[in-house]
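All remarks here apply to the structure that follows.
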Amino acid sequence: MDDFSWLGLPVEEAARRLLGCELERTLGPETLRVRIVETEAYSQDDPASHTFSGRTARNEAMFLGPGHAYVYLSYGIHSCLNIVVGREGVGEGVLIRAAEPLEGRDTMALLRGRGGVALTNGPGKLGQALAIDLGLSGHDVALAPLRLLRRPPLGEERVVVTTRIGITKAAELPRRFYDRDSGYVSVRARPVAR
DNA sequence: TGGACGATTGACT
DNA sequence: GTCAATCGTCCAA
């Protein structure tokens, strides 16, 4: 059993540490496994967060405490996965924006209807490749059929920090993190000014 | 109870 | 580069 106490860290730190960790999705006899390469931090005091206006039926899972999954439907089409972090009762989470396939690539390609980096290089794509749906919202990621596997943190020099993608509110905040060495990052650009 | 709105993607010009 | 798809959620009425 993995120790997930580190998910109780402040959301930006948790978002950094999720880089390099793995997700294992079991579908009957099939096992799909990916390595997380891109994340975004969302906290309750953040106008861009689904929890900004408080607890609702949709975002309930975001308040269940660290180690739960929060899944939302984007544009009525795409299921996107978050890992809830921070303190129980506070709506904080990390959007998993992209990952690298490690195991079960063929099944992911079938689920996606295409291959290459387009398999998992975006939040909606990853959701489809791992057969994520709204039913998994609130799921405990210590358990099958969707498990988070801890891995050592990436070296500081490998982590690129940028503004978040596709939001209109609080768009200037540097709360996106990705692995510089991965080819599965969704958008390369917008490095934070130095 | 209805209408506007996305933490996106893929097809097309 | 532009743009439509598609539906759960939220809030105004």
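Mind the numbering: the first sequence is residues 463 to 656 in the numbering used here, read in order.
Note that the Cβ used here is the ideal one computed from N, Cα and C, for glycine as well.
Just so we're clear, the structure is a prediction, and the values are computed from it rather than from any experiment.
For Gly578, name the three-state secondary structure that DSSP assigns.
Stepping through the first sequence from its first residue, residue 578 is reached at position 116. Three-state result, Gly578: helix.
Tell whether a beta-carbon distance below 8 Å holds between Thr569 and Leu494.
Numbered from its first residue, the first sequence carries residue 569 at position 107. Numbered from its first residue, the first sequence carries residue 494 at position 32. By the CB criterion at 8 Å, Thr569 and Leu494 fall inside the cutoff.
Assuming Arg626 contacts Ala510 (C-beta within less than 8 Å), just tell me the rounded distance between them.
As a first step, residue 626 must be located in the first sequence, where it is residue number 164. As a first step, residue 510 must be located in the first sequence, where it is residue number 48. Right, their Cβ atoms sit about 7 Å apart.
Relative to the alpha-carbon of Ala561, which residue among Leu543, Ser541, Asn583 has its alpha-carbon at the smallest distance?
Here residue 561 refers to the residue found at position 99 of the first sequence. Nearest of Leu543, Ser541, Asn583 to Ala561, Cα basis: Asn583.
With burial defined as no fewer than 16 other Cβ atoms inside 10 Å of the residue's Cβ, what is the status of Pro585: buried or exposed?
Reading the first sequence from its first residue, position 123 is the one you call residue 585. Result: buried.
Return helix, strand or coil for Ala560, following the three-state DSSP convention.
Here residue 560 refers to the residue found at position 98 of the first sequence. Note: Ala560 maps to strand in three-state DSSP.
Between Ala591, Ala604, Thr624, which lies nearest to Arg576 when the distance is taken from Cα to Cα?
Here residue 576 refers to the residue found at position 114 of the first sequence. In terms of Cα proximity to Arg576, the closest of Ala591, Ala604, Thr624 is Ala591.
Go ahead and pull the three-state DSSP assignment for Ala591.
Position 129 of the first sequence holds residue 591. Ala591 falls in the helix class under three-state DSSP.
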